[in-house]
Amino acid sequence: MKSGLHSYLREHAKHGTTGFPAGFYDCQVPRDFQDMPFHWHEELEFTMVRSGSLQYSIDLASMNVREGDLLLIPPDTLHSAHQLEDQSAATDSVVFHLNLAGLSAKDACAERYIRPLGEGELPLPTVVRPEDPFYQELQTCFQRMWACRHPDAPYRELMFRGEAVRLVLLLWQMSGRTGEHPPRRMMHPYEEKLKLVLAYMQEHYTESITVKQLADLCGFSQVHFMNVFKEAIGSTCIQYLIEYRLALAAADLQETNRSVMQIAMDNGFQNISYFNRTFKKKYHVTPLAYRKNRP
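Note that my numbering has the sequence shown beginning at 6, numbered continuously upward.
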């Protein structure tokens, strides 16, 4: 994800601008990442798999997706992405705040249709495949949104708003509901605590972080915390922290000209030998070779 991996992974990141809160991300795997750590944001994410295959985890459920698939990730939902062994992939993603569809309006449409979507009361199909109902309509909607990534696109903001409203309508039609308040989605029992821990690590990743600090955030014993984290996230909290630091370091190697030592220190690695060794184990090349291979 060439441009802004640091901000993309932060749960408080703002995608786009205040006047046009939409971000557009074209990503190639493994060029831009091998593992996109768990993160979340208040915007809805709409992604098309342009080529290849990769693994996503959305709302702590894992699935493999392939070329042509569409992904819908509701606001405030934990999600991650991972390269499948020896496979490449490319995705295009639109991440936008539901204000663009009229969430902030004080009318019946916002209250009846958009707010439930923003608050997780409308269950979304995580993956829509080419053979599924409504696929063609959703694909067209995505393509029109994606065309709005160009700053000089005619009527850009108006076009995007129209497609955002169209997407909301399609999601309601897919649900089979007619506007009654649906039940909230079932959350993982520890989702809020896990978000608290992930937010802490993402805020303090440049510092030394202990398991005890993270367990204390949840009010858990260290053993219980480690078991909960491993079961939900799929790795230990220390492994997650290392993966998070490596992902940001890899982005810095591609996007900046800072020295390897400075990048290591800026991303929480205080020992350059350990950083080089860990980076090579993860990316199969040294940090310098990784930088030289950047497109």
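For every residue, glycine included, the Cβ atom is placed at its ideal position computed from N, Cα and C.
The model shown is predicted, which means the values in this text are computed figures rather than measured ones.
Whole angstroms is fine: what's the gap from phenylalanine 41's alpha carbon to proline 194's?
The displayed chain sequence assigns methionine, not phenylalanine, to residue 41. Approximately 23 Å, taken between the alpha carbons.
Nearest to leucine 175 by CA position, among Val228, Ala106, Glu197 and Ala237, is which residue?
Ala106
Can you tell me the Cβ-Cβ gap for leucine 108 and glycine 123, rounded? I've got them flagged as a contact below 8 Å.
6 Å
I'd like to check one pair, proline 292 with leucine 258: are the Cβ atoms closer than 8 Å?
yes
Beta-carbon contacts of histidine 84 that lie in its chain and below 6 Å, excluding the five residues immediately before and after
Ile63 and Ile78
Cβ-Cβ separation, arginine 250 to phenylalanine 274 (assumed contact under 8 Å), whole Å
6 Å
If you measure between the beta carbons of glycine 181 and phenylalanine 101, is that distance less than 8 Å?
no
Assuming methionine 53 and threonine 82 are in contact, meaning their beta carbons sit under 8 Å apart, how far apart are those beta carbons, in whole angstroms?
That belief does not hold up - the Cβ atoms of methionine 53 and threonine 82 are roughly 18 Å apart, past 8 Å.
Once DSSP output is grouped into helix, strand and coil, what is the label at proline 42?
strand
Mapping DSSP to helix, strand and coil, what is threonine 145?
helix
Could you name the residues of the same chain whose beta carbon sits closer than 8 Å to that of alanine 294, not counting the 5 residues immediately before and after it, in chain order?
none
In angstroms, rounded to a whole number, what distance separates the CA positions of tryptophan 45 and glutamine 39?
18 Å
Alpha carbon to alpha carbon, how far is glutamate 212 from glutamine 267?
14 Å
Valine 132 and phenylalanine 139 look like a contact to me (Cβ under 8 Å); what is the Cβ gap, rounded to whole Å?
The pair is not a contact, with the Cβ atoms about 13 Å apart (cut-off 8 Å).
Which class does arginine 55 belong to by DSSP, given the choice of helix, strand or coil?
strand
I want to know whether the segment 195-205 touches the segment 217-232 - three or more CB-CB distances under 8 Å.
yes
Quick one: what does DSSP say tyrosine 195 is sitting in, helix, strand or coil?
coil
For a quick check, are the C-beta atoms of alanine 330 and serine 67 less than 8 Å apart?
Nothing can be reported for residue 330, as the shown portion of the chain is limited to 6 through 300.
Give the C-beta separation of phenylalanine 51 and leucine 172 to the nearest angstrom, bearing in mind that I take them to be a contact with Cβ-Cβ under 8 Å.
7 Å
Cα-Cα separation between lysine 7 and cysteine 32, rounded to whole angstroms:
Because the pLDDT of lysine 7 is 39, which lies under 50, any placement of that residue in the model is unreliable, and the question is left without a value.
Exposed unless 16 or more other CB atoms sit within 10 angstroms - verdict on lysine 297:
exposed
Contact defined as beta carbons within less than 8 Å: I believe tyrosine 288 pairs with alanine 255. What is the distance between those atoms, to the nearest angstrom?
7 Å
What ranges does the alpha helix (DSSP H) occupy inside the segment 92-160, keeping only unbroken runs of at least 4 residues that lie completely in it?
120-123 and 140-152
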